[in-house]
Amino acid sequence: MLFARPQKALSRVTVRRLILLFTALLMVLSIVALPAGAVGTNEAYAESEFLRLLNQRRAGLNLSPLAPYWDLVDDARNHSRFQSEGRCADGERICHNPALGSVTTDWYALGENVGVGFDPETLDRAFWASPSHQANIVGNYNYAGVGVVIRDDGAMYVTVIFMRGPEGLPPTVPDEATGAGYVFPTGADRVGLYNRARGLWTLDGGASSFYYGVPSDLPIACDWDGDGDTTVGLYRSTSGYLYLRNTNTFGVADVAIFYGIPEDVPLCGDWNGDGLETIGVFRPSNATFYLRNSNSLGSADTEIRFGKTGDIPLAGDWFGSGHDSVALYRTGNGMLYLSDGRDRLGNVIALPRTDFLPSDRFVVGDWDADGADTLGYHRPSTGEFRLLLDHGPDPETITISLGPTGSTGVAGDWS
249 MLFARPQKAL
259 SRVTVRRLIL
269 LFTALLMVLS
279 IVALPAGAVG
289 TNEAYAESEF
299 LRLLNQRRAG
309 LNLSPLAPYW
319 DLVDDARNHS
329 RFQSEGRCAD
339 GERICHNPAL
349 GSVTTDWYAL
359 GENVGVGFDP
369 ETLDRAFWAS
379 PSHQANIVGN
389 YNYAGVGVVI
399 RDDGAMYVTV
409 IFMRGPEGLP
419 PTVPDEATGA
429 GYVFPTGADR
439 VGLYNRARGL
449 WTLDGGASSF
459 YYGVPSDLPI
469 ACDWDGDGDT
479 TVGLYRSTSG
489 YLYLRNTNTF
499 GVADVAIFYG
509 IPEDVPLCGD
519 WNGDGLETIG
529 VFRPSNATFY
539 LRNSNSLGSA
549 DTEIRFGKTG
559 DIPLAGDWFG
569 SGHDSVALYR
579 TGNGMLYLSD
589 GRDRLGNVIA
599 LPRTDFLPSD
609 RFVVGDWDAD
619 GADTLGYHRP
629 STGEFRLLLD
639 HGPDPETITI
649 SLGPTGSTGV
659 AGDWS
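All residue numbers for the sequence shown refer to our numbering, where the first residue is 249 and numbers rise by one.
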């Protein structure tokens, strides 16, 4: 059901029509056959997929994306667990939370969708096909909390709580969002954000914010001129051009280089240890890195055949050796492959990483200023960044919250 109340600035309480969200369409999902691979689906991944699909629906209508809010996520998970345990009244398989209005505070409007099925895509289609569920998906909200519980028999229970409320509410519990008080030491890399839809960069915790780019551009950031400061760049896949800035300000590119083809993934690093970070691309169709030792027009100085189609390319100084090397993350087996070969492949170390989800977006940086780069990742389902301080199987992790799910993470020393 949908609850609504006016903003606090209004003096007269208004009542909106209650919308019944429990429909026969979703109940049909409870009797469909279990698809291959559905058993064991990760709940966190399913939550991320639900939020992605929901915001994809809204984007198609030019509506703003819904940001995750931790207080809604917590209650959505609790209600999905309540349903999965068969605790709905009168033997019903799914039910609404009769106390929805008390799940959080400072709300202007609340709504709830509930369902049961076996995969996010099928449930998303069912929600969209139901007028009452669709009304919430496209409603005047700015936050959502998705909670998924998957039973041993593969049944996936989902609760989505929609909310309109004050801006700036955090996706993670406030004490967790600060990284447990972590202070980035001098010289450490920090996370920045690039909003591809708007071409807006937000760096150094919001200290620097400027427009640079168009919606199709892919972000990249390195020290292009060797002055010790990381600055922004863009790869425009439609033209194969890289546009590099030597300051983190609005303006035209200081360097424009034709380098690559539409399928390429941009990356950068100090490939030869000369102190200058330069361009490179990874070409998925032939699993090859093309690296250049100057930020100028020309062919690759080094070609490295490494990995296979579908791998996620990375670059960093993984072992504190004074030069950057390429790496890959393989989603199919959850393995991270780090090379130490400078401008060649060299030795490759394979590390299992069971903490990543397919929807995670990677960033690379030296988070503790020890001279070695490690991974970080942005999890769209929560809007948080998790920065790993070592390559071990159970690394110390910093968790921070910086911005909306529609932004892409970049890393650098923005000083």
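For each residue, glycine too, the CB sits at the ideal point set by N, CA and C.
Please name the residue in F610, V408, I505 whose C-alpha comes closest to that of R578. For the purposes of this step, residue 578 is taken as the residue at position 330 of the sequence shown. That would be F610, whose Cα lies nearest to the Cα of R578.
Checklist line | Own chain, CB closer than 7 Å to G334, minus 5 neighbours either side, in chain order | finding: Reading the sequence shown from its first residue, position 86 is the one you call residue 334. Within its own chain, no residue has a Cβ closer than 7 Å to the Cβ of G334 once the five positions on either side in sequence are excluded.
TODO: Could you tell me whether the segment 354-373 touches the segment 383-396, where touching means 3 or more Cβ pairs closer than 8 Å?
DONE: Three or more pairs of CB atoms, one per stretch, sit closer than 8 Å, so the segment 354-373 contacts the segment 383-396.
Check your understanding: Any idea what DSSP makes of T602, helix, strand or coil?
Key -> Taking the sequence shown and counting its residues from 1, one reaches residue 602 at position 354. T602 sits in coil when the DSSP states are folded into three classes, being neither helix nor strand.
Cα-Cα, which of L302, D661, Y293, D603 is closest to I409?
On the sequence shown, residue 409 is found 161 positions in, with the first residue counted as 1. For the residues L302, D661, Y293, D603, the minimum Cα distance to I409 belongs to L302.
Task: Closest Cα partner of G570 within the set R484, Y491, N361, N520 - done: Numbered from its first residue, the sequence shown carries residue 570 at position 322. The residue with the shortest Cα to Cα distance from G570 is N520.
Open item on the list: Using only the alpha-carbon positions, how far apart do L576 and H639 sit?
Closed with: Translated into positions along the sequence shown, residue 576 becomes position 328. Translated into positions along the sequence shown, residue 639 becomes position 391. Put simply, the backbone Cα of L576 is about 14 Å away from that of H639.
May I ask which residues mark the beginning and end of the beta strand (DSSP E) holding V439? Translated into positions along the sequence shown, residue 439 becomes position 191. Segment 438-443, the beta strand (DSSP E) holding V439.
* Could you check if I509 is buried or exposed, using at least 16 other CB atoms within 10 Å of its CB as the buried criterion? => In the sequence shown, counting from the first residue as 1, residue 509 sits at position 261. Burial call: exposed.
**Prompt:** Rounded to a whole number of angstroms, what is the C-alpha to C-alpha distance between S457 and G402?
**Reply:** Numbered from its first residue, the sequence shown carries residue 457 at position 209. Numbered from its first residue, the sequence shown carries residue 402 at position 154. Taking the straight line joining both Cα atoms gives about 45 Å.
Query raised in the report: According to DSSP, is V235 helix, strand or coil?
Result: The structure shown has nothing for residue 235, since the chain only spans 249 to 663.
If D614 sits next to Y625, beta carbons under 8 Å apart, how far is it from one beta carbon to the other, in whole angstroms?
-> On the sequence shown, position 366 is the one that residue 614 refers to. On the sequence shown, position 377 is the one that residue 625 refers to. Contact doesn't hold; Cβ gap of about 16 Å is too wide.
(message) Taking contact to mean 3 or more Cβ pairs, one atom from each stretch, closer than 8 Å, check whether the segment 441-454 and the segment 341-348 are in contact.
(response) The segment 441-454 makes no contact with the segment 341-348: fewer than 3 CB pairs, one atom from each, lie closer than 8 Å.
For L593, the nearest candidate out of N581, V394, D572 (CA to CA): Along the sequence shown, read from residue 1 onward, the residue named residue 593 stands at position 345. Minimum Cα distance to L593 is reached at D572.
Subject >> For D437 and D522, the rounded distance between their alpha carbons >> reply: Here residue 522 is taken as the residue at index 274 of the sequence shown, counted from 1. Here residue 437 is taken as the residue at index 189 of the sequence shown, counted from 1. Whole-angstrom Cα-Cα distance: 20 Å.
Review point. Curious, which full-length alpha helix (DSSP H) runs of at least 4 residues does the segment 359-414 contain?
Key: The DSSP assignment places 368-377, 379-385 as complete runs of the alpha helix (DSSP H) inside the segment 359-414, in order along the chain (cut-off: 4 residues).
* To do: Determine the closest residue to D319 out of F298, T602, V394, with distance taken between C-alpha atoms.
  => Working through the sequence shown from its first residue, we reach residue 319 at position 71. When only C-alpha atoms are compared, the closest one is V394.
Between which two residues does the alpha helix (DSSP H) carrying L302 extend?
Within the sequence shown, the letter at position 54 stands for residue 302. Following the DSSP letters along the chain, one finds L302 inside the alpha helix (DSSP H) bounded by residues 291-307.
Margin query: Give me the residue from V596, D465, R305, T495 with the minimum Cα distance to Q382.
Written below: Here the question's residue 382 lines up with position 134 in the sequence shown. R305 is the residue among V596, D465, R305, T495 whose C-alpha sits nearest the C-alpha of Q382.
Per-residue DSSP class, three states only, for G613: Counting from 1 along the sequence shown, the entry for residue 613 is found at position 365. The three-state reading of DSSP puts G613 in strand, counting E and B together.
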